Amino acid sequence: MKDFRIGKINLWLILAGFIVIIIGFLLMMGAPSGEKFNPDIFSTRRIIIAPLVLLAGFIFVIFAILFNPKTKDK
251 MKDFRIGKIN
261 LWLILAGFIV
271 IIIGFLLMMG
281 APSGEKFNPD
291 IFSTRRIIIA
301 PLVLLAGFIF
311 VIFAILFNPK
321 TKDK
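Have a look at this one:
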(Lines of atoms letter the chains of each structure in order from A; the text may use other names.)
(Lines give C-alpha, C1' and ligand atoms only; values in the text may rest on other atoms or scores of the structure.)
Protein backbone atom coordinates (compact mmCIF):
# COMPACT_ATOMS: atom_id res chain seq x y z
CA MET A 251 0.00 0.00 0.00
CA LYS A 252 3.02 2.28 0.33
CA ASP A 253 3.35 2.58 -3.47
CA PHE A 254 -0.21 3.83 -3.83
CA ARG A 255 0.03 7.38 -5.22
CA ILE A 256 -3.25 8.70 -3.83
CA GLY A 257 -3.18 9.25 -0.09
CA LYS A 258 -5.88 9.56 2.54
CA ILE A 259 -6.12 13.31 2.12
CA ASN A 260 -6.65 12.91 -1.61
CA LEU A 261 -9.38 10.32 -1.08
CA TRP A 262 -11.22 12.59 1.35
CA LEU A 263 -10.97 15.49 -1.08
CA ILE A 264 -12.26 13.31 -3.92
CA LEU A 265 -15.18 12.23 -1.74
CA ALA A 266 -15.98 15.87 -0.97
CA GLY A 267 -15.88 16.65 -4.69
CA PHE A 268 -18.28 13.82 -5.47
CA ILE A 269 -20.66 15.12 -2.80
CA VAL A 270 -20.60 18.55 -4.48
CA ILE A 271 -21.32 16.86 -7.84
CA ILE A 272 -24.27 14.97 -6.35
CA ILE A 273 -25.62 18.23 -4.92
CA GLY A 274 -25.34 19.78 -8.38
CA PHE A 275 -27.34 16.96 -9.95
CA LEU A 276 -29.96 17.22 -7.20
CA LEU A 277 -30.29 20.94 -7.90
CA MET A 278 -30.83 20.17 -11.58
CA MET A 279 -33.43 17.49 -10.88
CA GLY A 280 -37.10 18.33 -10.70
CA ALA A 281 -40.43 16.69 -10.14
CA PRO A 282 -41.94 14.91 -13.15
CA SER A 283 -44.64 17.03 -14.75
CA GLY A 284 -46.40 14.36 -16.79
CA GLU A 285 -47.76 15.40 -20.18
CA LYS A 286 -48.19 19.10 -19.39
CA PHE A 287 -45.50 21.66 -20.17
CA ASN A 288 -43.73 22.78 -17.03
CA PRO A 289 -42.04 26.21 -17.31
CA ASP A 290 -39.97 25.40 -14.21
CA ILE A 291 -37.40 23.71 -16.47
CA PHE A 292 -36.15 27.21 -17.33
CA SER A 293 -35.61 28.27 -13.72
CA THR A 294 -32.38 29.96 -12.68
CA ARG A 295 -31.59 27.10 -10.34
CA ARG A 296 -31.62 24.53 -13.14
CA ILE A 297 -29.89 26.40 -15.95
CA ILE A 298 -27.33 28.53 -14.07
CA ILE A 299 -26.71 27.45 -10.49
CA ALA A 300 -26.70 23.66 -10.93
CA PRO A 301 -24.25 23.60 -13.86
CA LEU A 302 -21.90 25.96 -12.00
CA VAL A 303 -22.02 23.69 -8.94
CA LEU A 304 -21.30 20.68 -11.15
CA LEU A 305 -18.38 22.45 -12.84
CA ALA A 306 -16.95 23.41 -9.45
CA GLY A 307 -17.32 19.81 -8.26
CA PHE A 308 -15.52 18.38 -11.30
CA ILE A 309 -12.71 20.94 -11.02
CA PHE A 310 -12.38 20.14 -7.31
CA VAL A 311 -12.11 16.40 -8.04
CA ILE A 312 -9.35 17.08 -10.58
CA PHE A 313 -7.56 19.22 -7.98
CA ALA A 314 -8.00 16.47 -5.38
CA ILE A 315 -6.40 13.90 -7.67
CA LEU A 316 -3.44 16.14 -8.50
CA PHE A 317 -2.93 17.49 -4.94
CA ASN A 318 0.41 16.45 -3.49
CA PRO A 319 0.58 17.06 0.28
CA LYS A 320 4.36 16.42 0.37
CA THR A 321 5.14 19.55 -1.63
CA LYS A 322 3.07 21.62 0.79
CA ASP A 323 5.59 21.03 3.63
CA LYS A 324 8.59 22.39 1.72
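For the sequence shown, the residue numbers in our numbering are 251 to 324. The beta-carbon is built from N, C-alpha and C at its ideal position, and this holds for glycine as well. Note that the structure is predicted; figures quoted are calculated from it, not measured.
For the 8 angstroms CB-CB criterion, residue 303 and residue 277 form a contact. With fewer than 16 other beta carbons inside 10 angstroms of its own, residue 265 counts as exposed. Short of 7 angstroms from the beta carbon of residue 290, and not among the five residues preceding or following it, lie these beta carbons of its own chain, in chain order: 280.
Counting C-beta atoms within 10 angstroms of its own C-beta, residue 257 has fewer than 16 neighbours from the protein chains shown and is therefore classed as exposed. The beta carbons of residue 271 and residue 308 sit about 7 angstroms from each other, so the pair counts as a contact at 8 angstroms.
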